[in-house]
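First the structure, in the form of C-alpha cells, and then the observations on it.
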Amino acid sequence: MAHLQVPKSFHEEISPKQFKIQMALDGVLKTMHKIEQQQMSGIQETRPSSDWQCQRRASDDEPQADCILQILKRMDVEKARNVGNHFLETRDLLGQSDLLQIMQDVPKGGQLHVHFNACLPPENLLDIAASMKRMFITSDRALLTEDDYNQSEIQFQILSEKREGLENLSERHKMRFQDFLHQFPREKMGYSAMQWLISKLVFQEGEVYKTPEEAWRMFNIRTRMMKGLFNYETAFKGYTRLFLEKLQAQGFQYAEIRLNFMNTNQLWSDDGNRQFTNQEMMEIIIHEYREFQRRSNQALGGLKVIYCTPRSFSKENVKASLKECLDFKLRWPKWIAGFDLVGEESKGHKLRYFLDEFMEFRVECKEKNVDIPFLFHCGETKDDPDGNLLTALALGAKRVAHGFALPQRPVVMERMVERGTSTLARDFYEVFLHTEGDGADFDEYHRHLPEQWCPMVTIIGSVQPRDDNSLLRCSRIMAQNSDLLAALTRPIAEAGILAQAAIHDPLMWTTKTSGRVDVLEQVLLVVKSSKRFVVWSISRLDDATDFRMLNAP
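Numbering-wise, UniProt numbering puts 332 at position 332 of the sequence shown, and it's gapless, one number per residue.
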C-alpha cells in the first residue's frame with residue numbers, strides 16, 4: 001500500500017486544517033496496512049475460551065446461580081422439538097420456558113443497539129394509522145385476486161389534500177386507509193384487513209431462513225412498509241412514549257436508539273402539509289423522554305441517539321450528515337452517542353470509501369473539543385469481504401455491530417481487544433444462523449470471542465424491547481448453547497454498560513459489590529424469591545431428571 005508523500009511545498013499548498021486531515025488519513029492507512037500484513041503472515045489467537053475465563057473468575061454465588069440456570073436450560077431442551085430449530089419454528093414452545101420466566105427479571109443495564117423504527121409490534125402503528133384521516137395505503141399492483149394480496153408490496157403515506165391529487169406515486173395504486181379497512185373483503189379472505197397487514201409486516205416461517213441476500217430483500221420490503229406508519233407527528237410521538245414504557249417494563253436502565261436522518265425519513269405533520277426538520281425530530285425525542293421521566297419518577301437512567309445515515313449515500317451526502325451530527329452534538333452534547341452508517345453492507349459503499357470525510361470529521365470534532373465515536377455496522381457476514389472491520393479498527397471505532405466475521409480476522413479481533421472496542425452480537429442468531437447455520441455455529445462463534453466481550457453478547461443485548469418475542473428468542477438461544485450462560489457470570493458494569501450509561505443509582509434490585517453489579521447473584525435472588533421457584537432439590541448435576549422444583553406451600 002502506498003503511503004501519503006508530503007511534498008516540500010506542502011505547507012504552502014494546503015491549509016493547516018487540510019494538513020491535519022491528510023496526516024490523520026496517512027496514519028489510518030499505515031495502521032490498516034500494518035494489520036493487513038499481520039493477517040497475511042497467519043498470526044493466530046491463542047486466548048482460552050470465554051466460558052473457561054468466566055468459570056475461573058466466578059464468585060462464590062455464581063456457580064450456584066449458574067447451576068439453577070443450567071437446570072432450567074435442560075428442562076427447556078427436553079421440551080424442544082429440536083434444539084437446533086429456528087426461532088419461528090419453536091416460538092409456540094418458548095412461552096412455556098421456565099428459563100424465560102427468570103430472564104424477565106434479570107437486570108438489563110443497557111440496550112445499546114436499538115433500530116428505533118423496529119422496536120414495537122406493528123399493531124401499535126397500525127392502530128394509530130387507522131385513526132388518521134390523511135393516511136393512505138398504496139400497492140404496487142391492483143388487489144383483485146388472492147395472489148395479488150399475497151404478492152403485493154404495501155406502503156403507507158400521509159398525504160395532504162393538495163398532494164393527494166398531485167403526488168406521483170410511480171403508478172402505485174392508492175386508497176384512503178380508513179376506506180380500505182371498511183372495504184377489505186374479510187369474508188372472502190378469511191381474515192381482517194389488520195390481520196392481513198400484520199402478516200405483511202411480520203416475518204413468517206419460510207421467509208427468513210434463506211440466503212442473506214433474500215433475507216435482506218424481505219427486510220427492505222417491510223422497512224419500506226413501516227416507514228409511512230412511523231414518519232408522521234402523532235405516530236412518532238406515540239411510538240416514542242410506548243418505546244420508553246417498554247424499556248421500563250423490561251427492566252432496562254439505558255438505551256441508545258439509532259435514528260436514520262435523511263430527507264425521505266423526515267416526519268410529516270398529521271395533515272401532510274409540512275415536513276419536520278431533523279432538528280425537530282431530535283426535539284421531539286428529547287421532549288418525550290423528559291415527560292416520561294417526569295411521569296415515571298425518573299424510571300430510566302438515560303437515553304441517547306446514534307446518528308445514522310445510509311452507506312449507499314454519496315460522499316457529499318455523508319459529509320453533510322457528518323456535519324449535521326457534529327452540529328447536533330454541539331447543541332445537545334448529552335444526547336448524541338455516536339455516528340453510524342446503516343444498510344445492507346454488501347450493497348453500500350465500503351467504509352474506506354469515506355476515509356477523507358471521516359478524517360475531516362475527526363479533525364473538526366477535535367477542534368470543537370467534542371468526542372463523537374464511530375459505532376459502525378460492519379462484519380455482518382462470515383467473511384467481511386469489504387474489509388470493513390479493519391477500516392473500523394483503523395478509524396478507532398468504539399463499537400462494531402455485529403462483527404460476525406471477527407473469528408476469521410484474529411489480528412483485527414486482538415487489536416480491538418487491546419483498544420477496548422466492543423462488539424454487539426445481539427442479532428447474530430437472527431441474521432446469521434437463520435440464513436447460514438445452526439446452533440453449533442453460534443457456539444463456535446461465541447467461544448472465539450474475547451472474554452471481555454462476553455457480558456455484551458446475546459444475553460444482555462438480546463432482550464430488545466421490540467416485543468415479548470425478544471425475551472422468547474433470548475430464552476431459546478440460552479437453552480440451545482452450552483456456554484452462553486457465561487455471558488451472565490460477569491458483571492454488567494465490567495462490560496461498560498452501566499458505566500457508559502453514567503448511572504449513579506441502579507435499580508433497587510441490583511446489588512453493588514466493590515463498585516460492580518454481579519448479574520448472577522441477582523439471578524440467584526430472583527430464583528429464590530420467585531413464587532414459582534422457592535425450594536430446589538438437587539441430587540446430581542449430570543441428570544436433569546434428578547432435579548425437582550417444589551412450589552411454596
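Positions of the beta carbon are idealized from the N, C-alpha and C atoms, including for glycine.
query: Using only the alpha-carbon positions, how far apart do Q275 and G396 sit?; result: 36 Å
query: Who are the near neighbours of A255 in its chain, counting only those whose CB is closer than 7 Å to its CB and skipping five residues on each side?; result: G110, Q111, V114, L247 and L303
query: Within the continuous beta strand (DSSP E) that includes N260, where are the two ends?; result: F252 to N260
query: By alpha-carbon positions, which one of E324, E36, E62 and L25 ends up nearest to E282?; result: Note that residue 282 is Met in the sequence shown, not Glu. Looking at the Cα atoms, E324 is the closest of the given residues.
query: Under the DSSP definition of a beta bridge, which residues are partnered with W268?; result: Y232 and Q275
query: Could you please give me the residues that DSSP links to Q155 through a beta bridge?; result: T138
query: Could you compute how far the alpha carbon of A142 sits from the alpha carbon of N263?; result: 29 Å
query: So is N278 buried or exposed if we call it buried at 16+ other beta carbons inside 10 Å?; result: buried
query: Which word fits H402, buried or exposed, when buried means at least 16 other C-beta atoms lie within 10 angstroms of its C-beta?; result: buried
query: If contacts are defined as beta-carbon pairs under 8 Å, then Q253 and G301 qualify, I think. What distance do you get, rounded to the angstrom?; result: 4 Å
query: With distances taken between CB atoms, is the gap from L244 to Y289 smaller than 9 Å?; result: yes
query: Hey, how far is the Cα of G379 from the Cα of Q204?; result: 26 Å
query: By the 10 Å Cβ neighbour count, where 16 or more other Cβ atoms means buried, how is G165 classified, buried or exposed?; result: exposed
query: Would L326 pass as a contact of F361 if the rule is Cβ separation under 9 Å?; result: yes
query: Are the beta-carbon atoms belonging to Y307 and F358 less than 9 Å from one another?; result: no
query: What are the start and end residues of the beta strand (DSSP E) that includes L375?; result: L375 to C378
query: Apart from the five residues just before and just after C365, which ones in its own chain have a Cβ nearer than 6 Å to its Cβ?; result: I372
query: Using DSSP's beta-bridge definition, name the partner residues of T391.; result: According to DSSP, T391 bridges with nothing at all.
query: For R134, is the classification buried or exposed, using 16 other Cβ atoms within 10 angstroms of its Cβ as the cut-off for buried?; result: buried
query: What do you reckon, are the CB atoms on F177 and M132 nearer than 9 Å?; result: yes
query: Counting only C-beta atoms, is Q298 closer than 9 Å to chain B at any point?; result: Of the protein chains in this structure there is only one, and it is not chain B.
query: Would you report the Cα separation of R57 and F136, rounded to the nearest angstrom?; result: 58 Å
query: What would DSSP say about D371, mapped onto helix, strand or coil?; result: coil
query: Let me check one thing: in DSSP terms, what residues is G110 bridge-paired to?; result: Y254
query: Compute the Euclidean distance between the alpha carbons of K30 and A24, then round it to the nearest angstrom.; result: 10 Å
query: Measure the alpha-carbon distance for R186 versus S199 and round it to whole angstroms.; result: 14 Å
query: Between which two residues does the beta strand (DSSP E) holding V342 run?; result: I336 to V342
query: Since R419 is in the alpha helix (DSSP H), which residue starts that stretch and which ends it?; result: P410 to R419
query: For the alpha helix (DSSP H) that contains C308, what are its first and last residues?; result: That residue, C308, is in no alpha helix (DSSP H); its beta strand (DSSP E) goes G302 to P310.
query: Since H182 is in the alpha helix (DSSP H), which residue starts that stretch and which ends it?; result: F177 to Q183
query: Grab me the residues of S152's own chain with a C-beta within less than 7 Å of its C-beta, minus the 5 sequence neighbours each way, in chain order.; result: S139, D140, R141 and L143
query: Indicate the three-state DSSP secondary structure (helix, strand or coil) for H349 in the structure shown.; result: coil
query: When you compare only the Cα positions, how much space is there between M103 and K79?; result: 18 Å
query: Are D98 and L72 touching if we call contact CB-CB under 9 Å?; result: yes
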